[in-house]
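For reference, the structure discussed in these notes is given below.
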Amino acid sequence: MPRDPRFDILFEPVRIGPKVLRNRFYQVPHCTGFGTDRPGAQARFRATKAEGGWAAVCTELCSIHPETDRAPRPVARLWDDDDARNLALLCDEAHEHGALAGVELWHGGPTTEGSASREVPGAPSQIPSDMNPLSYPRSLDRAGIRELERMYTAAARRARDAGFDIVYVYGAHSFLPLQFLSSFYNKRTDEYGGALANRARFWLETLELVRAAVGEECAIAARLAVDARGPHGIELDEGLEFVRLADHLVDLWDVNIGSITDRTADIAPSRCDDQGWQLPWTGRVREATAKPIVGVGRLTNPETMVEIIRSGVWDLIGAARPSISDPFLPQKIAEGRLDEIRECIGCNVCLARALDHHQIACTQNPTAGEEFRRGWHPERFDRAANADREVLIVGAGAAGLECALVLGKRGMRRVSLVDAAPEVGGYVALVSQLPGLALWAGVVDWRKTRLAKLPNVEVVAGAALDADAVRAYGAQLAVVATGAHWAADGLNHLTHAPIPGAERTLTPERVLAGEEPAGESVLVYDCEGYFMGVGIAELLAARGRRVLYVTPLPVVGPFLDHTEEGIPVRQTLADLGVEWAVETELAAIGPDDCLLRSFGRERTVAADAVVLVTARISDDALYREVRADPGPLEAVYAIGDCVAPRLIADCVFDGHRLAREIDAPDPARPLPYLRERRLVATGQLAAS
Ligand code: SF4
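Numbering follows this note's numbering, with no gaps: position 457 of the sequence shown is 964.
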């Protein structure tokens, strides 16, 4: 389809200093877990977005020197020419697809612990890290400041030589330039401290030196959190004043909000904010500059993008998560294929993976991070060598839906996706009923829409199949994706046993199916520590129940801290009057009370009802029965929670993986993938 002329404005070129962006879609820096040491993965991941139409693709934070070392988190580095050579691959591949390449020069001050390099980072003042009070910086004297500025310029020259078009001096997320700018971090009394003009001095000098170092070959970008929304940075009036002070040194303002201790403000999960939530702050930057501005806000709706550009507040639509979820978002808008946009659901699993030092993964896009090592392309699927086969998939949750979609695209003669429930969606459909998680239904809805376009795929809901029915269906290949259920007896990771008295309890499925717990007080016992326990607690508290949330884990919902949902979720529970007990075991359940145990001490609490969120159990009986006796089937496979309960992202990946490799010698086992590693010949171990 031709492009809707309303969206033409999104495809206008934009000049930033000496460079021109081909359109207004800009992938802002974001973490991947690839850094510099996995150059193939880094390059292909960014290049796939470039191919999908993004006008610029940027690295994650890129360390300028060993003293700013984030080990074990794999970040990019420009410590020497070898690092530059590895990152040059990214530049080359981005350029091949017509995109500019940006690098985010980074020094973290005390947030860098030097655990690998064992160097001590410099900072404006000697105050321990916000993240680790055992990590102290050294306070920089004037000579130290000069030395640090030279680190920036050396890294900038390497960036230019590697082929980068845009060089950042990165100060958002409370990193070093912002630490100088903020009186919360900067307690100096010399010309680098005190009044804003003094606190701005380090960043201004560094921008000037970096500009001089790269000449007219690169555009200079500053990434600035214009309002920390808390103490760990600056407020908006200071942010605007800094923009005015530095404007003559900057070609592109990349602006956001929040801080290192409040990333929720910047990387807001969908349970907290809608698209474009940063505009009340970043939309004010235009008051201080006429230079190009890029902002972010999980934007996937082209109408909203057009409104923002027409309003004049930003020049570029920045994206991290929307570009991960759909690397081809710009191209789909350009070609009028809006219904094909795979929208980010705002779950922040991508962030959790990166912060936990793993490689990036995405709930919506199972190819994210797999472009190089597995050769997966988000939009291209080759015809399966066994495409003459018919496939029956039992279970239309996340794994089954994704598997059917990829098998359909790979041209299988017929794919039948059958589910016993009246609606497809499985666990995701259930989860999206929890407070704040409605957008997660996008995992199901997008796939349903895409499946409806495939003539070789039929989707049948409300049809329960037993083993005989599977064998008799007429397919040659069967895939069982029957999911998992919550343990009703309280089986858990702590005791590896049921909880005495669990007969009178409810499971999350029963609560979400509408069953009301008896009485007024409810105890929710959460051994998982992610969205389900807190979600049930919030749901019941919002209905007026008195809720006690008990967990053996050290905090309420610890995994939510990996997805930037922890603080807002705890705040919501507190606002609803939910009480909690952490590091506490539910030892036994009586007729109207519960026995709790914590550090060897026991106490009894009254509870009219108990909801157990302790462990999930795979529904694999059908798979085992058909596998034991496949009858006429050539093969039977299991995917998703049916194999082992796990993140929705991993279930989507599992369904995708099997479909990608359905014609492999043994589709049940993943094919080997490329590993980027250093190989040493016998007797040739050499330092490098
Ligand atoms: Fe969006 Fe979730 Fe994918 Fe991250 S993991 S890009 S938040 S859908």
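Note that CB positions come from ideal geometry on N, CA and C, so glycine has one too. These figures come from a predicted structure and were not determined experimentally.
Helix, strand or coil at residue i [DSSP, three-state]
i: isoleucine 848; result: coil
i: leucine 1001; result: coil
i: tyrosine 1144; result: strand
i: serine 1279; result: The chain is shown from 508 up to 1195; residue 1279 falls before or after that span and cannot be answered.
i: phenylalanine 514; result: helix
i: valine 792; result: helix
i: glutamine 534; result: strand
i: histidine 1163; result: helix
i: asparagine 705; result: helix
i: valine 527; result: strand
i: leucine 743; result: helix
i: cysteine 569; result: strand
i: aspartate 734; result: strand
i: valine 1031; result: strand
i: tyrosine 643; result: coil
i: leucine 1102; result: strand
i: histidine 992; result: strand
i: tryptophan 561; result: coil
Range of the contiguous alpha helix (DSSP H) that encloses residue i
i: tryptophan 788; result: 786 to 789
i: histidine 602; result: 588 to 603
i: isoleucine 816; result: 809 to 818
i: isoleucine 652; result: 649 to 669
i: tyrosine 1180; result: Here tyrosine 1180 belongs to no alpha helix (DSSP H), and DSSP marks it neither H nor E.
i: tryptophan 953; result: 949 to 958
i: aspartate 1082; result: 1073 to 1082
i: aspartate 822; result: Unbroken run through aspartate 822: none, as it is neither H nor E.
i: cysteine 910; result: 905 to 916
Of the residues the options, the one placed nearest residue i, counting alpha carbons only
i: asparagine 530; options: Val733, Leu1103, Trp561; result: Trp561
i: histidine 602; options: Asp637, Thr618, Gln633, Phe671; result: Phe671
i: leucine 944; options: Leu1046, Leu1178, Asp1161, His1003; result: Leu1046
i: phenylalanine 532; options: Ala548, Thr543, Phe514; result: Phe514
i: arginine 887; options: Tyr1037, His537, Glu558, Ile516; result: Glu558
i: isoleucine 1124; options: Ala720, Ala595, Val1150; result: Val1150
i: phenylalanine 518; options: Glu1132, Gln838, Trp953; result: Gln838
i: glutamate 814; options: Arg695, Gly790, Trp993, Pro799; result: Gly790
i: isoleucine 634; options: Leu683, Trp586, Asp587, Leu594; result: Leu683
i: valine 527; options: Ser632, Ala707, Gly997, Glu723; result: Glu723
i: glycine 701; options: Gln1191, Ser632, Leu1129; result: Ser632
i: leucine 1083; options: Ile1043, Thr807, Arg978; result: Ile1043
i: serine 832; options: Thr768, Asn855, Glu600, Pro1177; result: Asn855
Beta strand (DSSP E) segment containing residue i, residue limits
i: tyrosine 675; result: 673 to 677
i: lysine 556; result: Taken as a continuous stretch (DSSP letters only), lysine 556 belongs to no beta strand (DSSP E), being part of the alpha helix (DSSP H) at 546 to 558.
i: threonine 1111; result: 1108 to 1113
i: valine 856; result: Valine 856 -> not in any beta strand (DSSP E); alpha helix (DSSP H) instead, spanning 856 to 862.
i: alanine 1095; result: 1092 to 1096
i: leucine 899; result: 897 to 901
i: glycine 609; result: 607 to 613
Contact belief for residue i with residue j at Cβ below 8 angstroms, rounded distance in angstroms
i: tryptophan 821; j: valine 801; result: 6 angstroms
i: alanine 968; j: proline 929; result: 6 angstroms
i: glycine 1040; j: valine 1029; result: Rounded, the Cβ-Cβ distance is 12 angstroms, inconsistent with contact.
i: leucine 914; j: valine 898; result: 6 angstroms
i: glutamine 534; j: serine 830; result: 5 angstroms
i: arginine 1053; j: glutamate 1027; result: 6 angstroms
i: proline 1024; j: alanine 1116; result: 3 angstroms
i: glutamate 850; j: glycine 949; result: 5 angstroms
i: valine 610; j: leucine 594; result: 7 angstroms
i: isoleucine 727; j: tyrosine 659; result: So it is not a contact: roughly 11 angstroms between Cβ atoms.
Contact test: residue i Cβ vs the ligand SF4 heavy atom, cutoff 8 angstroms
i: arginine 1011; result: no
i: cysteine 851; result: yes
i: asparagine 872; result: yes
i: isoleucine 824; result: no
i: leucine 858; result: yes
i: alanine 775; result: no
i: isoleucine 831; result: yes
i: asparagine 855; result: yes
i: cysteine 538; result: no
i: alanine 1242; result: An answer regarding residue 1242 cannot be provided, because it is not within the stretch 508 to 1195 covered by the chain.
i: arginine 828; result: yes
i: cysteine 869; result: yes
i: alanine 1156; result: yes
i: alanine 875; result: yes
9 angstroms Cβ cutoff, residue i in contact with chain D
i: aspartate 1100; result: Looking for chain D here will not work: only one protein chain is present.
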